[in-house]
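Enquirer: In UniProt numbering, the protein residues as written are 1 to 418. Glycine included, C-beta positions come from ideal geometry on N, C-alpha and C. Provided herewith is a single structure, encoded as structure tokens, for subsequent inquiry.
See below:
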């Protein structure tokens with residue numbers, strides 16, 4: 001369908017085309033005065049052309065004031081063109097007029113700018129008007145209908161009707177298909193641009209992660225040295241050594257997080273790329289996450305499957321995406337969450353479910369932009385990064401709310417990617 005920006009432009013082009021046609025009609029009327037063999041009802045034709053000019057001027061004023069322009073109004077303008085053309089052809093030879101092929105112009109315009117229903121309606125109207133002009137019209141030349149039939153010229157005119165009907169069918173069938181292909185291509189290009197924009201966000205975040213890992217490495221090393229010196233200086237103080245032990249454990253955890261940030265930013269990691277079963281991978285992810293959030297109960301549920309667990313290469317970015325979803329569910333629920341998983345012949349899937357308040361409508365309608373966050377202290381990056389990772393692996397991340405309460409985040413991955 002025509003968009004809000006394209007419709008006024010198409011309307012302007014239509015009015016320009018109509019102005020050219022009116023000018024040509026006036027020139028043809030003037031030419032008929034110079035040719036003795038043509039007899040036209042000039043008063044009637046001038047009245048029709050004057051009304052046509054008035055409609056064109058009013059339409060131009062309507063367009064300039066931009067009052068309620070819609071596809072229905074645009075289609076109505078094209079219908080008016082067909083009706084005015086029919087009246088003019090009636091007074092100038094009907095289907096014997098060589099300019100009857102101008103009927104194809106509004107049909108082409110509708111087929112390329114409007115939908116299939118409007119194109120079929122326009123085709124039916126044009127064929128009906130053409131057929132009507134076969135039987136009722138003001139003769140263009142002085143010879144009557146009997147002379148036309150006896151001369152065999154009626155066979156040529158009948159062939160013109162069949163040719164016109166064929167042209168109408170071809171225009172509606174092929175141009176509509178080509179137009180739909182162009183629109184589908186534009187939609188794919190728009191989706192690719194959106195994906196490229198999301199990828200640029202991910203690259204920017206990766207650069208930020210690399211910078212943060214580099215900048216935080218030095219102060220953490222300094223803190224580790226100071227903690228070690230305190231541990232040595234107060235080796236006999238049980239209270240102090242206990243505190244230093246906690247600091248060392250937290251420093252080790254910070255270094256592990258920085259290692260993951262560095263890997264996400266593009267650095268290699270020796271333990272990455274190991275191959276294991278899907279069920280073993282899910283259990284390994286659950287074990288790692290429980291170490292980070294031991295206060296939250298995580299329940300695993302596997303769907304019944306017919307074949308053995310598929311093998312996949314453990315991807316640290318996919319693991320981090322699952323961590324993001326599990327953390328969101330834990331923050332929303334606070335007590336217990338569920339991680340379900342399964343597979344079939346074509347795909348792998350897993351679901352993170354909680355019993356919290358569920359996703360807000362803005363999150364459900366969000367297309368993956370990083371600005372949305374449901375947490376007061378959040379940055380809106382968890383779902384964005386998880387979606388970016390799943391998209392990169394050729395899968396889908398679907399968010400929904402359960403009927404009885406709670407939220408569900410479902411990841412579906414094609415087995416062909418692994």
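Pair every Cβ in the region 393-401 with every Cβ in the region 287-295, then say whether three or more of these pairs are closer than 8 Å.
Expert: No: fewer than three Cβ pairs fall under 8 Å.
Enquirer: Hey, how far is the Cα of residue 43 from the Cα of residue 11?
Expert: Near 30 Å, if we compare the C-alpha coordinates of residue 11 and residue 43.
Enquirer: My output table needs one value for residue 289: the three-state DSSP class, helix, strand or coil.
Expert: The answer is helix: DSSP assigns residue 289 an H, G or I state.
Enquirer: Assuming residue 110 and residue 117 make a contact with CB atoms under 8 Å, what is their CB distance in whole Å?
Expert: Residue 110 to residue 117, Cβ: 10 Å. No contact.
Enquirer: Okay, do the region 223-236 and the region 244-253 touch, 3+ Cβ pairs below 8 Å being the bar?
Expert: Yes, the region 223-236 touches the region 244-253.
Enquirer: Let's test the definition: count the other Cβ atoms within 10 Å of the Cβ of residue 351 and tell me whether it reaches 16, buried, or not, exposed.
Expert: Under this definition residue 351 is a buried residue.
Enquirer: Residue 254 to residue 181, Cα distance in whole Å?
Expert: One C-alpha to the other measures close to 52 Å.
Enquirer: According to the neighbour-count rule (16 or more other Cβ atoms, all chains shown, within 10 Å of its Cβ), is residue 27 buried or exposed?
Expert: Result: exposed.
Enquirer: Express the C-alpha separation of residue 318 and residue 286 in angstroms, rounding to a whole number.
Expert: Taking the straight line from one Cα to the other gives about 13 Å.
Enquirer: Which residue wins for smallest C-alpha separation from residue 325, given the options 121, 189, 354?
Expert: The shortest C-alpha separation from residue 325 is found at 354.
Enquirer: Let me know the secondary structure DSSP gives residue 336 once reduced to three states.
Expert: It is a strand residue.
Enquirer: DSSP puts residue 341 in a beta bridge; with which residues?
Expert: Its beta-bridge partners are 302, 350.
Enquirer: In its own chain, which residues sit with a C-beta less than 8 Å from the C-beta of residue 333, not counting the 5 before and 5 after it?
Expert: If we look at residue 333 and ignore the five residues flanking it on each side, its Cβ neighbours are 296, 354, 355, 356, 406.
Enquirer: Where does residue 25 land, buried or exposed, given buried means 16+ other C-beta within 10 angstroms?
Expert: By the 10 Å Cβ count, residue 25 comes out buried.
Enquirer: Roughly how many angstroms lie between the CA atoms of residue 86 and residue 130, to the nearest whole one?
Expert: Cα-Cα distance, rounded: 8 Å.
Enquirer: DSSP on residue 412, reduced to helix/strand/coil?
Expert: It is a strand residue.
Enquirer: With a threshold of 16 other CB atoms inside 10 Å of the CB of residue 106, please say whether the residue is buried or exposed.
Expert: That one is buried.
Enquirer: With 16 other CB atoms within 10 Å as the buried threshold, where does residue 403 fall?
Expert: Under this definition residue 403 is an exposed residue.
Enquirer: Inspect the beta-carbon positions of residue 347 and residue 413 and report whether they are closer than 8 Å.
Expert: For residue 347 and residue 413, yes; Cβs fall inside 8 Å.
Enquirer: So, with DSSP's three-state summary, where would you put residue 407?
Expert: In the structure shown, residue 407 sits in a strand (DSSP, three-state: E or B).
Enquirer: Which value, in whole angstroms, describes the spacing of the CA atoms of residue 311 and residue 344?
Expert: Straight-line Cα distance between these residues: approximately 13 Å.
Enquirer: Hey, residue 8 and residue 63: beta-carbon distance below 8 Å or not?
Expert: Contact flag set, yes.
Enquirer: Could you tell me which residues DSSP puts in a beta bridge with residue 396?
Expert: Paired residues: 412.
Enquirer: Can you list, in chain order, the residues of its chain whose CB lies under 8 Å from that of residue 149, leaving out five sequence neighbours each side?
Expert: Residue confidence is low: residue 149 scores 49 on pLDDT, short of 50, so the model does not pin down where it sits. Its coordinate-derived value is still stated next. Closer than 8 Å at the Cβ level, and outside the excluded window around residue 149, lies no residue.
Enquirer: With a CB to CB cut of under 8 Å and the five nearest residues on each side skipped, what residues in its chain are close to residue 102?
Expert: Correct list, in chain order: 21, 85.
Enquirer: Under a Cβ-count criterion, where at least 16 other Cβ atoms within 10 Å of its own Cβ denotes burial, should residue 100 be classed as buried or exposed?
Expert: Buried is the call here.
Enquirer: Determine whether the beta carbon atoms of residue 136 and residue 94 lie at a separation below 8 Å.
Expert: Against a cut-off of 8 Å, the Cβ pair of residue 94 and residue 136 comes out as a contact.
Enquirer: Got a sec? Which residues, its chain only, sit under 6 Å from residue 275 by beta carbon, not counting five neighbours each side?
Expert: Answer for residue 275: 311, 313, listed in chain order.
Enquirer: Tell me whether residue 276 sits in a helix, a strand or coil according to DSSP, three-state version.
Expert: In the structure shown, residue 276 sits in a strand (DSSP, three-state: E or B).
Enquirer: Using three-state DSSP, classify residue 401 as helix, strand or coil.
Expert: DSSP places residue 401 in strand when its eight states are reduced to three.
Enquirer: Alpha carbon to alpha carbon, how far is residue 127 from residue 168? Give it in angstroms, no decimals.
Expert: Distance between the alpha carbons of residue 168 and residue 127 is about 8 Å.
Enquirer: Between residue 196 and residue 365, what straight-line distance do the alpha-carbon atoms span, to the nearest angstrom?
Expert: If I take the Cα positions, the gap works out to 20 Å.
Enquirer: Going by C-alpha distance, which of 258, 234, 57, 15 is nearest residue 320?
Expert: When each option's Cα is compared against that of residue 320, the closest is 258.
Enquirer: How would you call residue 122, buried or exposed, if buried means at least 16 neighbouring beta carbons within 10 angstroms?
Expert: The residue is buried, with at least 16 neighbouring Cβ atoms inside 10 Å.
Enquirer: Along the chain, where does the beta strand (DSSP E) containing residue 312 start, and where does it finish?
Expert: Residue 312 -> beta strand (DSSP E) spans 311-313.
Enquirer: To which residues does DSSP link residue 297 through a beta bridge?
Expert: Per DSSP, 336.
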